Amino acid sequence: METLIANLSTGFGAVLAFEPLTLFGMTFSLPMNLAYCFIGALIGTLIGVLPGLGPVATIAMLLPATYALPPLGGLIMLAGIYYGAQYGGSTTAILVNLPGETSSVVTCIDGYQMARRGRAGP
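Numbering (this note's numbering), first residue to last: 31 to 152.
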């Protein structure tokens, strides 16, 4: 029983070590990486609002823009583009009742009705 508790405490100690999280936080919080994320989310939202252009098409169109960036910055920018395009697709589904991709179809059902009643935003 004592060895089981010792092994469990060793395992929990390894899982709860915050070194990878602090390394992630230090890497992501660099000013250039935050700028890449912001620019990617902004451009992804602007393109994601267009009906019919989902996140995958947006990434495919903007992939050449990341070639000149460092690898980590490019991945962060692509993640921002993806999530920005997801948000833009839901905006179109709520305001125009036109889903841009399949994940926004259900948003059209409730979101458009709420927008017609004036409850689309905060």
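Quick reminder that beta carbons are idealized off the backbone N, C-alpha and C, glycines included.
Keep in mind the model is a prediction, meaning the values are calculated, not measured.
Item, Value
"I89 beta carbon less than 8 Å from that of I106", "no"
"Classification of P85 by the beta-carbon crowding that lies within 10 angstroms, buried from 16 upward", "buried"
"Reduced DSSP category for L83 - H, G, I as helix; E, B as strand; rest coil", "coil"
"Sequence-distant residues of the same chain with beta carbon closer than 6 Å to Y117, five excluded per side", "T75"
"Outcome for A71 when other beta-carbon atoms lying within 10 angstroms are tallied against a minimum of 16", "buried"
"Close-in-space but distant-in-sequence residues of the same chain around T96 (CB under 7 Å, 5 per side omitted)", "G104, M107, L108"
"Buried/exposed call for G78, threshold 16 Cβ in 10 Å", "buried"
"Classification of G82 by the beta-carbon crowding that lies within 10 angstroms, buried from 16 upward", "exposed"
"R149 - DSSP class collapsed to helix/strand/coil", "coil"
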